[in-house]
Amino acid sequence: MSVSLDTPPVFPKPLSQGDRIAIVSPAGYIDPRHVHAAVDVLQQQGWRPYIGDHALGRSGSYSGTDTERFHDLSRALCDPSVRAVICSRGGYGAVHLLERLDALPIAADPKWLVGFSDISALHALMAQKGIVSVHAPMTKDIALGPENPDIAELFSILRGNRPVQRFQASQFDRPGIATGRLLGGNLAVIAELIGTPFDVIRPGAILFIEDVEEPIYKTERILYQMRLSGRLSSLAGLIVGQFTGSRPNANYSIVEEMIADMVYPYDFPVAMNVPFGHVDHNIPLLSGARATLRVTIGDYNSLVSW
């Protein structure tokens, strides 16, 4: 059963020097070079990363069979010595594991889960348990080290700090202030979870969305489903990240124009063109945390999570 949005979210314990971090591949296979480079960076931070047994494997387009991927992730989530779980990459396949993961006592010892894209399915699992997780870059970008400001902020979050995000306003924004649970991720992934126990498009949520290589009409089709089911009108706020590679059509040249039309009937604040998603500048977001979104006109918008 999903945790009520009125229930205070649970933050995993901050990472300390010497804590163990698991690197797992719950979805697609990964270039081992990215993982090994990320291990070096995490060690330089004073943590003790290890690579899951099947994290560098391959089974078709996946890093392993369903059983192998479940083995690595369940072991990491249930091992009391592991304090964070970093997903090596997205792709597709995390949804295969949800039912079995849901049966685990994850809430008994919450730990940080890090990733984005297809990992949105796992963020949905954590939100269903009432646990805050981090929608953030994965091993390829972690390998860049803390010189990258997004990676520096990710490490700060893992150590227990709460981000105050400021980002440039967009001409398609709708001003206002909203407070609610911050939920979302990759739109195609979370749309497939509507009506399941892992549904994150909930009344009163501040929804954040991004996607990659989707034609504008497909994104519009998902939003129409949300409108017709009453999900869109029930939001407290909307944060639109990068829709990288979205393809225009005869009706819209950019996805922000279409989304602005879709949300026109409602009055919640909307922040567009926010720097997260399948882009180099991918700010970490505290999925499942309570947050306040402030959207202004012609200035900077802000998102405060706690």
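Heads up: the sequence shown begins at 15 in the numbering used here, then just goes up one per residue.
Using N, Cα and C, we set each Cβ at its ideal position, and we do this for glycine too.
Computed from a predicted structure; not experimentally measured.
Cα separation between Y76 and V49? The residue you call residue 76 lines up with position 62 of the sequence shown. The residue you call residue 49 lines up with position 35 of the sequence shown. Distance between the alpha carbons of Y76 and V49: 16 angstroms.
Just to confirm the assignment, what range does the alpha helix (DSSP H) spanning L87 have? For this step, residue 87 is matched to residue 73 along the sequence shown. Looking at the DSSP string, the run of the alpha helix (DSSP H) that includes L87 is 80–92.
Length at least 3, wholly inside the region 106–138: the beta strand (DSSP E) runs in chain order: 126–129
Beta strand (DSSP E) containing D225: first to last residue? Locating residue 225 in the sequence shown gives position 211, counting from the first residue. Start and end: 220–226.
What are the boundary residues of the beta strand (DSSP E) that R34 is part of? In the sequence shown, the residue the question calls residue 34 occupies position 20. Per DSSP, R34 belongs to the beta strand (DSSP E) from 34–38.
May I ask which residues mark the beginning and end of the beta strand (DSSP E) holding I253? On the sequence shown, position 239 is the one that residue 253 refers to. Per DSSP, the unbroken beta strand (DSSP E) holding I253 starts and ends at 251–258.
Leaving aside the five residues before and after F181 along the sequence, list all residues of the same chain whose C-beta is less than 7 angstroms from its C-beta, in chain order. The count along the sequence shown starts at 1 and reaches residue 181 at position 167. Result list for F181: V288, P289, Y314, N315, in chain order.
Around the Cβ of E167, are there at least 16 other Cβ atoms within 10 angstroms (buried) or fewer (exposed)? The residue labelled residue 167 in the question sits at position 153 within the sequence shown. That one is buried.
Alpha-carbon to alpha-carbon, G71 and P46: Counting from one through the sequence shown, the residue named residue 46 turns up at place 32. Counting from one through the sequence shown, the residue named residue 71 turns up at place 57. Cα to Cα, the separation comes out at about 9 angstroms.
Do you know how far the Cα of L118 is from the Cα of A250? Mapped onto the sequence shown, residue 250 falls at position 236. Mapped onto the sequence shown, residue 118 falls at position 104. C-alpha separation (whole angstroms): 31 angstroms.
Express the C-alpha separation of V203 and A135 in angstroms, rounding to a whole number. Residue numbering aside, residue 135 sits at position 121 when the sequence shown is read from its first letter. Residue numbering aside, residue 203 sits at position 189 when the sequence shown is read from its first letter. Going by the C-alpha atoms only, they are around 7 angstroms apart.
What beta strand (DSSP E) runs, 3 residues minimum, are completely inside the region 40–72? 62–65
To the nearest angstrom, how far is it from the Cα of P283 to the Cα of G244? As a working mapping, residue 283 is identified with position 269 in the sequence shown. As a working mapping, residue 244 is identified with position 230 in the sequence shown. In a straight line, the C-alpha of P283 is about 17 angstroms away from that of G244.
Can you tell me whether DSSP reads A141 as helix, strand or coil? Here residue 141 is taken as the residue at index 127 of the sequence shown, counted from 1. Correct three-state label for A141: helix.
Rounded to a whole number of angstroms, what is the C-alpha to C-alpha distance between T306 and I145? As a position in the sequence shown, residue 306 is number 292, starting the count at 1. As a position in the sequence shown, residue 145 is number 131, starting the count at 1. Answer to the nearest angstrom: the Cα atoms are 18 angstroms apart.
Taking C-alpha atoms, which residue in D67, G312, T79 lies nearest to F186? Residue 186 sits at position 172 when you count from the first residue of the sequence shown. Measuring from the Cα of F186, the nearest candidate turns out to be G312.
Taking the beta strand (DSSP E) that L197 falls in, what are its first and last residues? The sequence position of residue 197 within the sequence shown is 183, counting from 1. Taken as a continuous stretch (DSSP letters only), the beta strand (DSSP E) holding L197 covers 190–200.
When the Cα atoms are used, what is the spatial distance from P23 to R304? In the sequence shown, counting from the first residue as 1, residue 23 sits at position 9. In the sequence shown, counting from the first residue as 1, residue 304 sits at position 290. Taking the straight line joining both Cα atoms gives about 7 angstroms.
Could you have a look at T306 and say whether DSSP puts it in helix, strand or coil? Numbered from its first residue, the sequence shown carries residue 306 at position 292. Strand at T306.
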